[in-house]
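Student:
In the working numbering, the protein residues as written are 785 to 1191.
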């Protein structure tokens, strides 16, 4: 009976250790995971996204509630810098780049002898946007869409123009992924690009191509310039997806090497980024598809061939993004499995330690009893013999577990 009491005490001690570890590790993890889940239920579309942690963007749509349709109001983040307007005119023989102050002055450079690219940096000057609408005869509802930085990418087909609203993705100076609102207006011999902010964009390579007198773009019309702008935007989507791929591979390697609880936050952030990118990439694919199939006087049959190639690129990007989303879901399962395996290893270690100490506790318990007649207690070498015996038993069990690769 006394021996069973000793054994029960040992098992009770082991259970206390395991339960303490279990509560400190698993329950804390589950708590953090549930908090993360419910926090993500309130997720909103981000404007500037970090691949490690997204930033929430305040919407200005509330300010516009109750206003009549067609009311022009900038719906993006507040910009301190005034808008700037760059005009790039080119043909096979010349290239002329200059910065001007007004939209009306920019349209004075439009001529049949050259292609004119009017790039507007900033959407905060409502007067300039209205002036552009008057010159191009754009409806106020379309101007309203241009100023709405949260508008879904789309293609608007007009008699004399084509309006494209799209998102431009690139990495900012601070290493963050920037999602910038962009509107492109194609007209006869001109293209207007309206960027949300002044600074970096994805058109630097295209500008260099225009400066090169031997480049094909110098010999083509404004529809090819529109294709060049769209191609630069779509190509940069590949760079963004490459960064996500690097993040996925890095997290996967860390999970397999040494899984940590904070990795689930990294995976969840990447899922949020993938969802946000999906809202940009899928509508862009639809937009390019419509443009490629469109029969319009402003788009030549030769440019249609390039648009078809652009559509294939957009399909590739969309499929790549979907595969990355599947990989992220797989990473979640891999992480949960790795954490479970890590816990199993800890449980096995604690079990083996307890198993080694069971016979040692039994021996110590036997000779710790307070009986009067215990002949071994009178022997001169009894104490060292018992210690050596306990050491040998522990060592033999340790070596046995080691041979079975349990330790």
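All residues carry an ideal CB built from backbone N, CA and C; glycine is no exception.
Just so it is clear, the structure is predicted and the values come from calculations on it, not from any experiment.
Within this structure, are the beta carbons of residue 1006 and residue 974 separated by less than 8 Å?
Tutor: Their beta carbons are under 8 Å apart, which means residue 1006 touches residue 974 by this criterion.
Student: Using DSSP with H/G/I as helix, E/B as strand and the rest coil, what is residue 1042?
Tutor: In this structure, residue 1042 counts as coil in the three-state DSSP scheme.
Student: If distances are taken between C-alpha atoms only, which option among 922, 897 and 930 comes closest to residue 857?
Tutor: Nearest of 922, 897 and 930 to residue 857, Cα basis: 930.
Student: My output table needs one value for residue 891: the three-state DSSP class, helix, strand or coil.
Tutor: The answer is helix: DSSP assigns residue 891 an H, G or I state.
Student: Would residue 903 and residue 870 be called neighbours here (beta carbons separated by less than 8 Å)?
Tutor: Yes, these two residues count as a Cβ contact at 8 Å.
Student: Is the Cβ of residue 957 closer than 8 Å to any Cβ of chain C?
Tutor: In the displayed structure, chain C is absent; only one protein chain is listed.
Student: Give me the DSSP bridge partner(s) of residue 965.
Tutor: In the DSSP output, where bridge partners are listed per residue, residue 965 has 951.
Student: Can you tell me whether residue 892 is buried or exposed? The criterion is at least 16 other CB atoms within 10 Å of its CB, across all chains shown.
Tutor: By the neighbour-count rule (16 or more Cβ atoms within 10 Å), residue 892 is not buried but exposed.
Student: Run through DSSP, which three-state label would residue 999 get?
Tutor: If DSSP states are grouped into helix, strand and coil, residue 999 belongs with coil.
Student: Who are the near neighbours of residue 819 in its chain, counting only those whose CB is closer than 8 Å to its CB and skipping five residues on each side?
Tutor: Note that residue 819 scores a pLDDT of 39, beneath 50, so its modelled location is shaky; the value from the coordinates is reported in the next line. Taken in chain order, the list of residues that qualify is empty.
Student: Evaluate the contact criterion for the region 1030 to 1042 versus the region 903 to 917: three or more CB pairs, one atom per stretch, below 8 Å.
Tutor: These segments do not touch.
Student: Residue range of the alpha helix (DSSP H) that residue 920 falls in?
Tutor: Unbroken alpha helix (DSSP H) run through residue 920: 910 to 920.
Student: How would you label residue 1169, buried or exposed, when you count the other beta carbons within 10 angstroms and need 16 or more for buried?
Tutor: The residue in question, residue 1169, is exposed, as its Cβ has fewer than 16 Cβ neighbours within 10 Å.
Student: Residues in the same chain with beta-carbon distance under 8 Å from residue 1020, minus the five sequence neighbours each way, listed in chain order, please.
Tutor: Cβ within range, chain order: 952, 953, 954 and 986.
Student: Suppose you measure from the CA of residue 1074 to the CA of residue 1017; what does that come to, to the nearest Å?
Tutor: Cα to Cα, the separation comes out at about 17 Å.
Student: Under a three-way DSSP split, which group does residue 1118 fall into?
Tutor: In this structure, residue 1118 counts as helix in the three-state DSSP scheme.
Student: Would you please state the rounded distance, in angstroms, between the beta carbons of residue 1013 and residue 968? I believe it to be under 8 Å.
Tutor: The pair is a contact, with the Cβ atoms about 6 Å apart (cut-off 8 Å).
Student: Nearest-angstrom Cα distance between residue 1141 and residue 1163?
Tutor: In a straight line, the C-alpha of residue 1141 is about 25 Å away from that of residue 1163.
Student: By the 10 Å Cβ neighbour count, where 16 or more other Cβ atoms means buried, how is residue 981 classified, buried or exposed?
Tutor: Label assigned to residue 981: buried.
Student: Just checking my contact of residue 1101 with residue 1065 at CB under 8 Å: how many whole Å lie between their CB atoms?
Tutor: Residue 1101 to residue 1065, Cβ: 6 Å. Contact.
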